[in-house]
Amino acid sequence: MKRAVQFLIFVIAGAGLFLFFSINNSVTIPDASKTASEQLVVSEKPKEVETEVNQYGDIPPQKPLANPPEIIKAVYATGWTAGGIKGLNRMIDLIKNTELNAIIIDIKDYSGELSYQTDIEEVERYGKDRDLKILRPNAMIKKLHDEGIYVIARQTVFQDPVLAKARPDLALTSSSTGKQWLDNKKVMWIDPASKEAWDYNIAIAKDVLARGFDELNFDYIRFASDGKVDDIIYPFWDGKTFKRYVIRDFWKYLRKALPDDKISADLFGLATLNYGDMGIGQNIDDAFHYFDVIAPMLYPSHYHEGFNGYQTPASKPYEVVLASMLEAEDRLDAYILNAANSTSTEKYLVKKPQLRPWLQDFDLGADYDAAKVRAQIMATYAASGYCQKVATTTDSSGFSCDPAKENLIGGWMLWDPSNVYTKAALLSE
């Protein structure tokens, strides 16, 4: 394994900047940038990294947090940020001095590289030349747990250049070039119908969870959408089976492989409003069956001009998030009712999933100041009846909150690809 002195990392966020139009409950998604995540950003590789070693330079695996918070309030960190001493300390300081109580860390990001060294033979063979972002993942977890911080690992799945290069037989192929297909960001993808790819990702997931992470968050659990999708040749998908069924089968396979673990799924924000699969295979009603937490990416900047009559949705953070969350809440309520009345343990593998949206803390479509970031948080609460807007302002003074109702949602997560968050938007500890 190697570590370069300087490294430019492009973080492409999970939800995608896209326009759409609806036809018979379907959504056409032109060139996009992310799914729960994806702004193009340059991050500097940290120069200070722990170098202690046991077998791989680490302490033994940890146990999950004994008393995890009921409402998760998290920020995202790249592997480089979490793997550096200063970067991790900076995130801990932010969390300890605000209402935050959790962090979500890239363990396998858009590059397909696992952030740490593992015993999984395929991972080490396919990614033998990768830079290790986190030298001591178990020690990192312990440090965070010692501060009472809930630790979520983030794993991208079907966007995976490492696996695509090592195993082109599993990758999407371009009909025009005969080589691996590339999306708009020149990133390779794996066929979502490949069960070998399913098993590869499950092996990684089991290794991650065995280290003591409190939760595993899956991103890019969908078909590709951003690029010349008509040029794609799928080595496994037959082109006839509905994409929704392919993704649903993967989710079911994943849940059965991780029956007792807490897992969450990143979905396009429009999955809260759309009843089809948007051409990518994602349907929120399907996701309820298999994940403990559903994380729709509700970045207002990613909603099209004219959404709900708003010329610039990014300038309406409260309204956009509230509309999406209210619809998602209605659909979740219906699911929970059906699950409670069903005797089928096969169909309803998760009885009471929760919603925990990704929210925007980056400038796109509008300057995202403290008021706009806070407005999204309050809209999330309002959707569950936790807070009711009682004024026209969008800062926290414009809301009346009843803490007793807060447990109706699973919390929220802030996304900023550069990991620099608006502290003024967060309540002081």
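Residues 1 to 429 in UniProt numbering are what the sequence shown lists, from first letter to last. Just so it is clear, CB atoms sit at the ideal spot from N, CA and C, and this is done for glycine as well.
#### Entry: Under the three-state DSSP convention, the category residue 305 falls into
coil
### Query
Can you tell me where the alpha helix (DSSP H) with residue 317 in it begins and where it stops?
317-340
### Task
Quick one: using the 10 Å Cβ neighbour count with 16 as the cut-off for buried, is residue 175 buried or exposed?
exposed
### Query
So residue 199 packs on residue 150, CB below 8 Å; how close in whole Å?
With a Cβ gap of about 28 Å, residue 199 and residue 150 do not count as contacting.
### Message
DSSP has residue 159 in a bridge; who is on the other side?
### Response
189
### Task
Let me know if residue 242 comes out buried or exposed under the rule of 16 or more other beta-carbons within 10 Å of its beta-carbon.
exposed
### Pair within 8 Å by beta-carbon distance, residue 313 and residue 211
no
### Closest residue to residue 78 among 133, 291, 89, 99 (Cα-Cα distance)
133
### Query
Taking the C-alpha atoms as reference points, what is the distance between residue 334 and residue 56?
Whole-angstrom Cα-Cα distance: 47 Å.
### Query
Mind checking whether residue 188 and residue 165 have CB atoms under 8 Å apart?
yes
### Query
Mapping DSSP to helix, strand and coil, what is residue 224?
Coil.
### Task
May I ask you to list the residues that DSSP assigns as paired with residue 360?
415
### Query
Where residue 453 and residue 332 are concerned, what is the direct C-alpha to C-alpha distance, given to the nearest angstrom?
Missing from the structure shown is residue 453; the chain here goes from 1 to 429 and no further.
### Message
So, for residue 370: in the same chain, excluding its five sequence neighbours on each side, which residues have a beta-carbon less than 7 Å away from its beta-carbon?
### Response
422, 424, 425
### Query
Going by Cα to Cα distance, which pick from 128, 413, 249 is closest to residue 347?
249
### Task
May I ask you to report which of helix, strand or coil DSSP gives residue 272?
Of the three classes helix, strand and coil, the one that applies to residue 272 here is helix, per DSSP.
### Task
Could you check the C-alpha separation between residue 411 and residue 72 for me, to the nearest Å?
5 Å
### Message
Let me confirm a value: residue 420 is counted as buried when at least 16 other C-beta atoms fall within 10 Å, else exposed. Which label applies?
### Response
exposed
### Sufficient close CB pairs (3 or more, under 8 Å) joining the stretch 227-234 to the stretch 256-274
no
### Task
May I ask you to report which of helix, strand or coil DSSP gives residue 77?
strand
### Task
Just the C-alpha distance for residue 209 and residue 107, rounded to the nearest angstrom, thanks.
C-alpha separation (whole angstroms): 11 Å.
#### Entry: Continuous alpha helix (DSSP H) stretch holding residue 293: start and end
Unbroken run through residue 293 is the beta strand (DSSP E), 293-297; no alpha helix (DSSP H).
### Task
Please report how far the alpha carbon of residue 438 lies from the alpha carbon of residue 129, in whole angstroms.
The displayed coordinates of the chain run from 1 to 429. Any statement about residue 438 would go beyond what the structure contains.
### Task
Pick out whichever of 105, 98, 379 has its Cα sitting closest to the Cα of residue 88.
105
### Query
What does a CB cutoff of less than 7 Å around residue 196 pick up in its chain, not counting 5 residues either side in sequence?
170
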